[in-house]
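Student:
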Amino acid sequence: MKYNNPVIKGFYPDPSVCKVNNTFYLVCSSFQYFPGVPIFKSKDLINWKQIGHCLTRKSQIQLDQVNSSGGVFAPTIRYNNGRFYMVTTNETEQKNFYVWTNNIYGEWSEPIFVEQGGIDPSLYFEDDKTYFMSNGSDENGVSSIFQCEIDIETGKKLTQSLPIWQGTGGRYLESPHLYKINGMYYIMAAEGGTEYGHMITYARGKSLNGPFEAYKNNPVLTNRNLGGYELQGMGHGDLIEDNSGNWWILHLGFRQIGQWTTFHHLGREVFLTPATFDKDGWFSAGYKGTTIKSFEVENIHRQIVQNEKKCDTFSDTKWNLDWIHLRLSHLENYIFEENKLKLKGTSINLDMADSPTFIGIRQKDFNANISCDICIFDGEAGITLYMDENHHYDLAIQRCEDSYKVIQRLNIGDIKSIQNTVPLESNNNASLVIHANNDFYDFNIILDGKEIKLGKAQTRYLSSEVAGGFTGVVIGLYCCDSKKSEYAQFTNFKCEYF
Ligand code: 6LW
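The numbering used here puts the first residue of the sequence shown at 2, with every later residue one more than the last.
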């Protein structure tokens, strides 16, 4: 059977996966967005469906002061004794914590903090013991994975945090996970940083505290030498055995645009790469240690069909599942109806690292037609292609005294510019349309059945290479500066991928 990568498209970085009763569950990081840590479910590792979020209450995660790409960093999901655990870092507060639930479809617990620093925490359960690990550096400044035993009920450390593995010398030793396979302990990690040099490495040993012997062909997975290839930045992953005894790595990576001065703007996505153990118990991964766009694999059931959702609308998405807010969701400014969204703006606009009235859905592919009918009474409301507060493109309707106009605004670093405007005769529904391809976003309005072009902008300036940070483009519906109490109305939202 052949499947295509990525298996989860759009900004869903830092995947971690566990298996319970033949079903796989996967979580991703979420940074300044709320709710935090999306959860996906799959029966076959190829088709993933989002089923919830781990962090759904303000009491679990404080995001009000977080910078863009601060907040919730890489999570790990594990299952033990009937309970799911999700452990992560609030990077802004520099605190590691976990939450748990007995019901993956229900609410998760309040956070339980662990007094060990570093990022990318992971848990390993054996017998009645729980081990907690994260990255850090030892007294000589050498990057190491640190591990301690904790009391899983309270998060209290039961042993000192000790360095157990130093990786293979790549920068940014991150994303450690420990596994016991056929009586041996395997420690897998990412090195090289989450950019073009990213990689996965591992080592194994007889004790869970080390010493570990590194795999001689490390990195076991990297695309760092595949210049010009679309898939780059492969790293940060979790190893899992499927229901037929085959092994896989679910990991992040990104799809670059261009061949030379490349960039990526959809963020880091989830990739699936086969892993194969040799007779001595060492595993290799992918096609000669790389991840490719499609893998032909014999070990997946032939009848599995890889489904892809090609269109997002109000009616086939869920407000609590597919849509995300920036930092704090002031829900009094949102009215969610069937097939209709009403938003009330505040004085907080998209240029502020704050909580504007905003609800977004990830851009999942390069080629897309995005449209929405918007009706406003005052202030400004529109569609934004949002990377962060300094990098976003907006197509919006503005009220100025007694008239209305459509604006196309670009916000790229210190340059903020309204490029084009089209006057409107009334505030009656205006249809705003954005056509996206690899290189450009095209901004349009439909008036009297005719599509009028306002202008275009390069996707490049919303990329991670320009904006920095760890997120990807989110398609946002927003409203700001409402002075009266009327809500702007959004209907017929559609994002069609082709
Ligand atoms: C994450 C780290 C990384 O915590 O990027 O890709 C950081 N690797 O492991 C933020 O996603």
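Note that CB positions come from ideal geometry on N, CA and C, so glycine has one too.
#1: Give every residue of the same chain whose Cβ lies closer than 8 angstroms to the Cβ of M2, excluding the five residues on either side of it in the sequence, and list them in chain order.
#2: Could you please give the first and the last residue of the uninterrupted beta strand (DSSP E) stretch that includes E270?
#3: In the DSSP assignment, what are the bridge partners of A215?
#4: Which residue's Cα is closest to the Cα of N210: I250, F133 and G37?
#5: For the putative contact between L232 and T292, defined by C-beta atoms under 8 angstroms, what is the C-beta separation to the nearest angstrom?
#6: Starting from V143 and walking both ways along the beta strand (DSSP E), at which residues does that stretch end?
#7: For V143, count neighbouring Cβ atoms within 10 angstroms of its own Cβ and tell me buried if that reaches 16, exposed if not.
#8: In whole angstroms, what is the alpha-carbon distance linking C561 and P424?
#9: Compute the distance between the beta-carbons of S356 and L329, then report whether it is under 7 angstroms.
#10: Could you name each continuous beta strand (DSSP E) segment of 3 residues or more that falls completely within the segment 90-127, going from the start of the chain to the end?
#11: To the nearest angstrom, how far is the alpha carbon of Q63 from that of C55?
#12: Write down the C-beta distance between G473 and H237 rounded to the nearest angstrom, noting that I regard them as a contact closer than 8 angstroms.
#13: Does the Cβ of S123 lie closer than 6 angstroms to at least one heavy atom of the ligand 6LW?
#14: Tell me the start and end of each unbroken beta strand (DSSP E) in the segment 406-470 that is at least 3 residues and wholly inside, in chain order.
#15: Please classify R400 as buried or exposed, where buried requires at least 16 other C-beta atoms within 10 Å of its C-beta.
#16: Going by DSSP in three states, N5 sits in which element: helix, strand or coil?
#17: Could you pull out every residue in the same chain whose Cβ sits closer than 6 angstroms to the Cβ of D374, ignoring the five residues on either side in sequence?
#18: According to the Cβ coordinates, are T93 and G107 closer than 7 angstroms?
#19: Would you mind sorting D15 into buried or exposed? The rule is 16 or more other CB atoms within 10 Å of its CB.
#20: Looking at chain B, is there any beta carbon in it that lies within less than 7 angstroms of the beta carbon of I293?
#21: So, under 8 angstroms CB-CB, V21 and I40 are touching, yes? Tell me the CB distance rounded to an integer number of Å.
#22: How close, in whole Å, do the beta carbons of I362 and D395 come, if the pair is a contact with beta carbons under 8 angstroms?
#23: Looking at the ligand 6LW, does it come within less than 6 angstroms of H436, judged from the CB to the closest heavy atom?
#24: Have a look at the DSSP bridge pairing and note the partners of D395.
#25: Out of K280, R256 and D128, point me to the one whose CA is closest to N81's CA.
#26: Please list the segments of the beta strand (DSSP E) lying wholly inside the segment 297-326, counting only runs of 3 or more residues, in order along the chain.
#27: Might you give, ordered along the chain, the residues of its own chain that have their beta carbon closer than 6 angstroms to the beta carbon of F359, omitting 5 neighbours on each side?
#28: Given a cut-off of 7 angstroms, decide if W249 and L46 are closer than it, judged by their beta-carbon atoms.
#29: The ligand 6LW heavy atoms versus the CB of D15: any closer than 6 angstroms?
Tutor: Put simply:
#1: Counting from one through the sequence shown, the residue named residue 2 turns up at place 1. Here the set comprises E297, V298, E299, I301, H302, R303 and I305.
#2: Within the sequence shown, numbered from 1, the residue matching residue 270 stands at position 269. That run of the beta strand (DSSP E) goes E270 to F278.
#3: Taking the sequence shown and counting its residues from 1, the one referred to as residue 215 is at position 214. Beta-bridge pairing links A215 to A204.
#4: Translated into the one-based positions of the sequence shown, residue 210 becomes position 209. Looking at the Cα atoms, F133 is the closest of the given residues.
#5: Indexing the sequence shown from 1 puts residue 232 at position 231. Indexing the sequence shown from 1 puts residue 292 at position 291. Contact flag correct, Cβ pair sits at about 6 angstroms.
#6: As a first step, residue 143 is located in the sequence shown; it is residue number 142 there, counting from the start. Segment: none, V143 is in no beta strand (DSSP E) and carries neither H nor E.
#7: Looking up residue 143 in the sequence shown gives position 142. Exposed is the call here.
#8: The question about residue 561 has no answer, for the chain in this structure spans 2 to 499.
#9: Numbered from its first residue, the sequence shown carries residue 356 at position 355. Numbered from its first residue, the sequence shown carries residue 329 at position 328. Yes, the pair counts as a contact, with Cβ atoms nearer than the cut-off.
#10: Counting only runs of 3 or more, we get 96-102, 113-115 and 123-127.
#11: Counted from its first residue, the sequence shown places residue 63 at position 62. Counted from its first residue, the sequence shown places residue 55 at position 54. Those two C-alpha atoms are separated by around 14 angstroms.
#12: Translated into the one-based positions of the sequence shown, residue 473 becomes position 472. Translated into the one-based positions of the sequence shown, residue 237 becomes position 236. About 15 angstroms separates the two Cβ atoms, so there is no contact after all.
#13: Within the sequence shown, the letter at position 122 stands for residue 123. Result no, Cβ not under 6 angstroms from the ligand 6LW.
#14: 416-425, 431-437, 441-448 and 451-459
#15: As a first step, residue 400 must be located in the sequence shown, where it is residue number 399. R400 is buried by the Cβ-count criterion.
#16: Looking up residue 5 in the sequence shown gives position 4. Strand.
#17: As a first step, residue 374 must be located in the sequence shown, where it is residue number 373. Around D374: N430, S432, T492 and N493.
#18: Within the sequence shown, numbered from 1, the residue matching residue 93 stands at position 92. Within the sequence shown, numbered from 1, the residue matching residue 107 stands at position 106. No; because the gap between Cβ atoms is not below 7 angstroms, this pair is not in contact.
#19: Here residue 15 is taken as the residue at index 14 of the sequence shown, counted from 1. So D15 counts as buried.
#20: Going by chain labels, chain B is absent from the structure shown, which holds only one protein chain.
#21: As a first step, residue 21 must be located in the sequence shown, where it is residue number 20. As a first step, residue 40 must be located in the sequence shown, where it is residue number 39. V21 to I40, Cβ: 12 angstroms. No contact.
#22: The residue you call residue 362 lines up with position 361 of the sequence shown. The residue you call residue 395 lines up with position 394 of the sequence shown. So it is not a contact: roughly 16 angstroms between Cβ atoms.
#23: By 1-based counting over the sequence shown, the position of residue 436 is 435. The answer is no for H436.
#24: By one-based count along the sequence shown, residue 395 stands at place 394. Per DSSP, T385 and R410.
#25: In the sequence shown, the residue the question calls residue 81 occupies position 80. Closest option to N81, Cα to Cα, is D128.
#26: DSSP runs (the beta strand (DSSP E)) wholly in the segment 297-326: 312-314.
#27: For the purposes of this step, residue 359 is taken as residue 358 along the sequence shown, with counting starting at 1. Only L327, G477 and Y479 meet the Cβ criterion.
#28: Taking the first residue of the sequence shown as position 1, residue 46 is located at position 45. Taking the first residue of the sequence shown as position 1, residue 249 is located at position 248. Cβ atoms of L46 and W249: closer than 7 angstroms.
#29: Within the sequence shown, numbered from 1, the residue matching residue 15 stands at position 14. Yes, the Cβ of D15 comes within 6 angstroms of a heavy atom of the ligand 6LW.
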